[in-house]
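Below is one structure; the comments refer to it alone.
Right under this line is the structure:
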């Protein structure tokens, strides 16, 4: 079902609000997100702790807000860096062809020959947890989708009349790629970029839940869900709060992506 303007604006409002929360939220939180109070552990929501405290007595609301910067930062860079890498490699391979195209397509086939989640978990286990290793892993896995999409688009565009005219006019290959081919081919990847941010966000939460994502004590939503699992029967809000944030932002990105795809 096509997403209307209201759905697009609603999704955009969610993402903008989340980005603002990630940008300024850590400076406005009422408590230190890593400060422990073992005497006040697993306290319910109150005026002093709006979402209660976790098993170590840390303020859940403060950790929820601070975690937005980590999770959204990894979600954006974990999709944007592969977007850049895939766009460059896919465009170059399709434009020049020959050995360049053969090398890139064989590399794409190599990555796609492995099950996606098994490959991600294996690479994370080798590289270790943390923001930088995770970005490297998401880049190694995620660039292939953009490369395939850009390659198929550039193969069509490079035979257009205005590209032939640019070549006959003595325009350099780099200028043709940068000024004429990539701006026209990149539009098809914008939808994939937005939806890929959603998948990276979910992937990060899954890895953190398994203990392979952001190492403690840094707050992130997947880790908060994992820490709260033993107490979900009595303190259900400890899981509901980060789960709601993941679902809400994921829904916002999905609405934006579907609207871009409709357009």
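Residue numbers (our numbering): 10 to 272.
All C-beta atoms, glycine included, are put in the ideal place defined by N, C-alpha and C.
Considering only the alpha carbon of each residue, which of 101, 26, 137 and 92 lies closest to residue 201?
92
What are the boundary residues of the alpha helix (DSSP H) that includes residue 168?
From DSSP, residue 168 is part of no alpha helix (DSSP H); its letter is neither H nor E.
Please name the residue in 250, 257 and 225 whose C-alpha comes closest to that of residue 65.
225
Buried or exposed: which applies to residue 147, given that a residue is buried once 16 or more other Cβ atoms fall within 10 Å of its Cβ?
buried
From the DSSP secondary-structure annotation, give me the bridge partner or partners of residue 68.
62
Name the residue from 258, 241, 268 and 264 whose alpha carbon lies nearest to the alpha carbon of residue 274.
No answer is possible for residue 274: it lies beyond the span of the chain, which begins at 10 and ends at 272.
Check the C-beta distance from residue 209 over to residue 157 and give it rounded, since I have them as a contact under 8 Å.
Actually they do not touch by this definition, with Cβ atoms about 18 Å apart.
Integer-rounded CB distance, given that residue 17 should sit under 8 Å from residue 264:
6 Å
Closest by CA to residue 228, which one among 42, 20, 22 and 32?
42
Residue 72: buried (16+ other C-beta within 10 angstroms of its C-beta) or exposed?
buried
Tell me which residue opens and which closes the alpha helix (DSSP H) that residue 271 is part of.
246-271
Any idea what DSSP makes of residue 241, helix, strand or coil?
coil
Do residue 143 and residue 257 have their C-beta atoms closer together than 8 Å?
no
Top-ranked residue by Cα proximity to residue 207, from 267, 121 and 102
267
Residues near residue 203 by beta carbon distance below 6 Å, same chain, minus five either side
262, 265 and 266
Indicate the three-state DSSP secondary structure (helix, strand or coil) for residue 224 in the structure shown.
coil
Contact set for residue 236: own chain, Cβ-Cβ below 7 Å, skip 5 residues either direction
63 and 64
Specify, as a first and last residue, the run of the alpha helix (DSSP H) that residue 131 falls within.
125-136
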